[in-house]
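When you line the sequence shown up against our numbering, it's residues 719 to 1243, in that order.
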Amino acid sequence: MREPLRDLHSLQDIDLAELNLDPPTHELVQRLLNCIETLVAELDELRAENQRLRDEIARLKGEKGKPKIKANRSPDRAPDSKPRPDRRSKSRADSGQRVPRKERIKIDREEVIKLDRSQLPPDVMHRGYRDVVIQNIIFKTDNVRYRLERVYSESKGQFYEASLSEALQGQSYGSELQAFVIMLYFELRVTEKKILNLLQSAGIVISDGQISNILIKKHLQLFAEERKAVLRAGLQTTSYHHIDDTGARVAGVNHYFSTLCNPYYSSFFTHRRKNHDTVAGLLSLLEEPTEGKGAQPAVLTGDGQPPQQQSSEPCVERAEAPTAEQKQLGDYVSILICDDAPQFHNQTEHRGLCWIHEERLFKKLRPFFEAHQKLVDDFRSEIWDHHDRLKAYAAAPTEELKQELSADFDELFSRTTGYDELDRRIALTGQKKRELLLVLDFPEVPLDNNDAERALREYVIKRKISYGTRTDDGTEAWEVFLSLLDTCRKNGVNFYHYLCDWISKSYEMPSLASVVLARAQDGPS
């Protein structure tokens, strides 16, 4: 079999345009080339399946399968896609408007270093100082013994004792330490074991159970109510919302982790199945609980006041299929930006598809013949050209340009190239015109689903480190704190300072929900 394949590779550079064939012969050769493409693709699939079976047999024998080694990138290989704008150039341009580095450094203390004038000429005169700023950090314990005064009244026959502040009552660890633990675990992705080692090496007497309690129990209900308030606020900020999901593990069982987000907030949800009903009930946690089934959700005011009452009973909420009386996702969201997964179909009044996901389907085509590869590359370049024109339209929409872009879409995705796989892909994309051109009717709608993918990236990285959750409390903690973390990131809020403020019950910072609403009024930066 290898000799014919070697001969076949010698035909890879064949180009029908250069053969000058009569129409019947041209059509026949073109059909033969497409047959070869199909056979080569099937052969590659069979080889891959054969290797997977070999690897599985090796594992059953206690051996290792073939290692997965990425191929080297060929320097003369055709580019995968049209060159995209360099994001670094934008960040460099933005950095020119930032405050100079030295002005951003907070000075905690100042030391004056005097000259030893005994070694200097007698006529020296003071001419001021030259400032040198050295940044440093001190990582040490700040353990405090509070001595509560006690007095006794003989006339009353009873003792009186000074009381701790509300934030310290019933606590073994300060708010800064507890916020530090949560920040390390969720924002910096440090494992519980490493957090334990770090704190113990600094002199903190703490156990792994106490760390786990800080992460998933102690403050969960407080921040769960704040997460709900952020979600309610976020749903009011834009006409569209992004959605995406990824795999998850809970107690060794496969689940799914979803995000609903926009430029001002992110909210995450864990659910057992990935289907239409699950997505429809994604926002069931916003439903008012019935009597006897939990505390009423707190309403946070714009001045950042916290919930006044918290239920002492844990209340783990999951995305479930809505009942006839419950609101569905479409009752909260009118425009959903997503990929073409079936569970997102018919959820909202309008659905927009991601152009990057759609173009990726063309990128996956791996033709055998170079002429077919060139057809794919050229068509992908035209896709990006149309995408860029849509972006320009969104910035300055006109009715004339709208009609032109719609007609050009029809022309682009009704072509036939002679390469069957590409033609099938073009026809399938052409059927998604309404979803891909939603921006023509709603210029504020983005052309991609990058916001949702970026939001899920934090979870995906943490999943690789921690292998998922084991309990309902742990699962809810991941949902809550990752939601608040990503919302803080989008609004320029320091996550650690935010945690300290709420855990200490200082409430000097505004609630995150009010920050989301205020920033939405100012518009995206």
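Even glycine gets a Cβ: it sits at the ideal position worked out from N, Cα and C.
Item                                                                                                            : Value
Boundaries (first-last residue) of the beta strand (DSSP E) holding Tyr-878                                     : 876-879
Cα-Cα separation, Leu-886 to Asp-962                                                                            : 41 Å
Residues near Thr-956 by beta carbon distance below 6 Å, same chain, minus five either side                     : Asn-980
Alpha-carbon spacing of Glu-1194 relative to Pro-818, whole angstroms                                           : 41 Å
Sequence-distant residues of the same chain with beta carbon closer than 7 Å to Asp-733, five excluded per side : Ala-1089
Asn-790 to Arg-816 span [Cα, whole Å]                                                                           : 40 Å
Start and end residues, beta strand (DSSP E) containing Gly-965                                                 : 958-968
Those residues which DSSP pairs with Val-747 across a bridge                                                    : Val-747 is not bridged to any residue.
Top-ranked residue by Cα proximity to Cys-753, from Asp-1138, Ser-883, Tyr-1214, Arg-1207                       : Asp-1138
Segments of 4+ residues assigned as alpha helix (DSSP H) that fall wholly inside the region 901-952             : 910-919, 926-931
Asn-980 - DSSP class collapsed to helix/strand/coil                                                             : strand
Proximity of Phe-1127 and Ile-1101 at Cβ, strictly below 8 Å                                                    : no
DSSP state of Gly-1070 mapped onto helix, strand, coil                                                          : strand
Counterpart residues of Ile-1055 in DSSP-defined beta bridges                                                   : His-960, Gly-1070
Cβ neighbour criterion (16 or more within 10 Å) applied to Gln-853                                              : exposed
Closest Cα partner of Phe-1087 within the set Thr-743, Asp-740, Gln-748                                         : Gln-748
Distance between beta carbons of Ala-897 and Cys-1206, contact taken as under 8 Å                               : Actually they do not touch by this definition, with Cβ atoms about 12 Å apart.
DSSP state of Phe-1097 mapped onto helix, strand, coil                                                          : helix
Helix, strand or coil at His-1063 [DSSP, three-state]                                                           : coil
Given 8 Å, three or more beta-carbon pairs between the region 1149-1160 and the region 922-940                  : no
Proximal residues to Lys-1120 (C-beta, below 6 Å), its chain only, five neighbours per side dropped             : Leu-1158
Reduced DSSP category for Phe-1199 - H, G, I as helix; E, B as strand; rest coil                                : helix
Euclidean distance between Cα positions of Glu-858 and Asp-1049                                                 : Before going on, a small fix: residue 858 reads as Lys here, not Glu. In a straight line, the C-alpha of Lys-858 is about 51 Å away from that of Asp-1049.
CB-CB length for Ser-1002 against Arg-945, believed under 8 Å                                                   : Going by Cβ atoms, the distance from Ser-1002 to Arg-945 rounds to 14 Å, so no, they are not a contact pair.
Coil, strand or helix - Thr-859 by DSSP                                                                         : coil
Beta-ladder partner(s) of His-1104, from DSSP                                                                   : According to DSSP, which records beta bridges pairwise, His-1104 is partnered with nothing at all.
Start and end residues, beta strand (DSSP E) containing Tyr-1245                                                : Residue 1245 lies beyond the stretch modelled for the chain, which goes from 719 to 1243, so this question has no answer here.
C-beta atoms of Tyr-982 and Arg-1237 nearer than 8 Å                                                            : yes
The region 1159-1172 in contact with the region 1102-1113 per 3-pair CB rule at 8 Å                             : yes
Given 8 Å, three or more beta-carbon pairs between the region 844-851 and the region 872-891                    : no
Residue from Thr-909, Ser-1201, Met-901 whose Cα sits closest to the Cα of Ala-1173                             : Ser-1201
Residues bridged to His-989 (per DSSP)                                                                          : Tyr-974
Closest by C-alpha distance to Thr-1189, when choosing among Tyr-958, Gln-954, Val-971                          : Val-971
Sub-8 Å separation of Val-1198 and Val-1233 beta-carbons                                                        : no
Helix, strand or coil at Thr-1135 according to DSSP, with G and I counted as helix                              : coil
Extent of the continuous alpha helix (DSSP H) to which Thr-996 belongs                                          : 994-998
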